[in-house]
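Below is one structure; the comments refer to it alone.
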Amino acid sequence: MHQNFTVSKHEISAHAYADQIATESTTTLVKIGHRLLAQLNFSSLSFQGILLINATLIIAALLIRWCTHRRTHLLWVLLGLDLIFVLYFVSLYGMYALSMPYREAIVLDGYERYMSSVVILNLFIAAMALVRAMDGALFEQRVEKRDLRSFASVFTKKLYQMSTFILLIFAIIMMLSEINGTQFTNRYNRNTVPRQLSRIARPWTHYNHTKILVVDPHAGDVADYYVGFVARYYFFTDQAVGRENFMETPRQFGKTIRQYQYVAIPEYHHTFTVMMRHVYHQANVRTGFFKVTPTGLQRIKNYNKD
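Using our numbering, the letters of the sequence shown correspond one by one to residues -6 to 299.
What follows is the structure in structure tokens.
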């Protein structure tokens, strides 16, 4: 990033800010500000999160005050959270106006992703404050003394028990739903290229220029550069390519293989296996990670380029 971009979007540089202000007009800054303010609407997921936090703390403060006649600090916490939202929103405008190129800033590139960070942070703070306020509203403040008789009335006892039971059932349902969703995702993605590559080789963690051929039987994944894109990130090289078509003469096939240093075969490719048998007399090349040698392919197990 530092080699390709003089100043990144998140870098604090007074010199870069001065150059940005000098090159952009006031009209440009105003346009970006208007686009940013327009995002504060009910269709924005982050704005819905802000409203949810405000509504939850306000309703909780009123209920605790009305039901238990106790004061809480929830409204003060809410005031602090809203101040955090405002300051973060202003800083976000500064990033768009001073650090981003205009073509990205005018479309608010990554806005929801940036705002979701502060929404999740404030949601966590609000949850802690709410739990603390609910605990302080209980009839018995001494934790070691709380038992079945530590309630102001039979009604509050039943309300507490029923609420706990409902929340327990809801938590179990959500947990089972999350587990089932994760298992379904794992089953559905088990034949995707990243999962297949992980079964034949370890990911490389150092940037390199190693030439790697990824053999894939799906022409669509190769044609849209998906296989090559995944391989470049997985092996951290700018010389990884995907290929599906190996209908060529034995001489051309051998010349193709010798262009690369490694060959990755995440899924069985019938034509490639047949060509390896004819050209190099290797009948066991089906799937795996191989090093290209003058006599053919040499299988490598769990190779990690560190």
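We put the CB at the ideal spot given by N, CA and C, even for glycine. Values in this document were obtained by computation on a predicted structure and should not be read as measured data.
Neighbour-count burial assignment, E237, 16 or more Cβ in a 10 Å radius: buried
Span of the alpha helix (DSSP H), counted from its first residue to its last, around H27: 19 to 31
Assumed close pair L71, L50 - CB separation to whole angstroms, cut-off 8 angstroms: 4 angstroms
N-terminal and C-terminal residue of the beta strand (DSSP E) that I293 is part of: Counting along the chain, the beta strand (DSSP E) containing I293 begins and ends at 289 to 293.
Per DSSP, the bridge partner or partners of F283: DSSP lists V256, R292 as partners of F283.
Inter-residue Cα distance where the pair is F229 and V223: 10 angstroms
Residue from D214, R279, Q252, S146 with nearest C-alpha to I193: R279
Residues sharing a beta bridge with T249, DSSP: Answer by DSSP bridge pairing: none, since T249 is not bridged.
Beta-carbon proximity list for G235, same chain, < 6 angstroms, skipping 5 on both sides: So the qualifying residues of the chain are V207, D209, V215, V220, G221.
Beta-bridge partners of A233, as assigned by DSSP: I205
Span separating the alpha-carbon of S187 from that of L76: Rather than Ser, the amino acid found at residue 187 in this sequence is Pro. One C-alpha to the other measures close to 43 angstroms.
CB contact below 8 angstroms: M167 versus chain B: Note that chain B does not occur in the displayed structure, where there is just one protein chain.
Beta-carbon proximity of V285 to Y261, cut-off 8 angstroms: No; because the gap between Cβ atoms is not below 8 angstroms, this pair is not in contact.
Proximity to T203 [Cα-Cα], best of L190, T178, D231, A212: For the residues L190, T178, D231, A212, the minimum Cα distance to T203 belongs to D231.
Straight-line gap, W197 to N182 (C-alpha atoms, nearest Å): 21 angstroms
Cβ-based neighbour list, V112, same chain, cut-off 7 angstroms, excluding 5 preceding and 5 following: S39, G42, I43
Bounding residues of the alpha helix (DSSP H) (the contiguous stretch that carries R58): 38 to 61
Y218, enclosing alpha helix (DSSP H) - first and last residue: Where Y218 is concerned, there is no enclosing alpha helix (DSSP H), given that its DSSP letter is neither H nor E.
Any alpha helix (DSSP H) of 4 or more consecutive residues that is wholly inside the segment 94 to 147: 95 to 98, 104 to 129
Terminal residues of the alpha helix (DSSP H) in which W197 lies: Per DSSP, W197 belongs to no alpha helix (DSSP H) and is neither H nor E.
I258 burial status per 10 Å Cβ neighbour count (16 or more: buried): Buried, since its Cβ has 16 or more Cβ neighbours within 10 Å.
Burial state of M168 (16 or more Cβ within 10 Å): exposed
Under 8 angstroms between C-beta atoms of L74 and I52: no
S170 - DSSP class collapsed to helix/strand/coil: helix
First through last residue of the alpha helix (DSSP H) which encompasses M269: 263 to 273
Classification of T65 by the beta-carbon crowding that lies within 10 angstroms, buried from 16 upward: buried
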